[in-house]
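Have a look at the structure below, then the notes.
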Amino acid sequence: MSNMDVSLKDMMAIDGAIGAAVVDYGSGMALGTLGGSKELDLQVASAANTEVVKAKLRAMDALKLNDTIEDILITLGGQYHLIRPLSGRAGKGLFLYLALDRGRANLAMARHHLRSIEDRLEV
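Numbering-wise (the UniProt record's numbering), the sequence shown opens with residue 1 and increments by one.
And the structure:
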């Protein structure tokens, strides 16, 4: 089992997880996915959230912010969507994407677990 497969399983073990992906935001392609449903197509979500990451990077550039994105949180009525760009050299250009059921998830713990998964992921 690859390191990415283990990371995706770890992401899906987070309380409330609905779907998880590792995404290349240069191409918008999901390199790996796990979970999802007919309401949450992880391939479509990966491509769409690539645009979110790119827009935030453009905004930071326009504002001349010399910083990095730790994570991006999108809150919906029934879900949380977490986007965590990978900061290591090997993961440059990739992000973790996690969709959570808002009623079952603990957002602080999910962010903590994602940070831990990022630290262990080798791409």
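Ideal Cβ placement from N, Cα and C applies to all residues, glycine included.
All figures in this text were calculated on a predicted structure; none of them were measured in a lab.
>> Could you tell me which whole alpha helix (DSSP H) segments of length 4 or greater appear in the segment 23-87?
In response: If one requires a minimum length of 4 residues, the alpha helix (DSSP H) runs lying completely within the segment 23-87 are 42-62, in chain order.
> Rounded C-beta distance between M12 and A20? I'm assuming under 8 Å.
Replying inline: 5 Å
>> On the DSSP bridge list, what partners appear for G19?
In response: G35, A99
> Where does L121 fall in DSSP's three states?
Replying inline: coil
>> To the nearest angstrom, how far is the alpha carbon of N3 from that of L107?
In response: 24 Å
> Taking Cβ to Cβ, would you say N36 is nearer than 8 Å to L8?
Replying inline: Here residue 36 turns out to be Gly, not Asn, going by the sequence shown. No, Cβ-Cβ distance for G36 and L8 is not below 8 Å.
>> Report the CB separation of H113 from I18 in whole angstroms; it is logged as a contact under 8 Å.
In response: No, H113 and I18 are not in contact; Cβ-Cβ is about 15 Å, not under 8 Å.
> Just checking my contact of M60 with D67 at CB under 8 Å: how many whole Å lie between their CB atoms?
Replying inline: 7 Å
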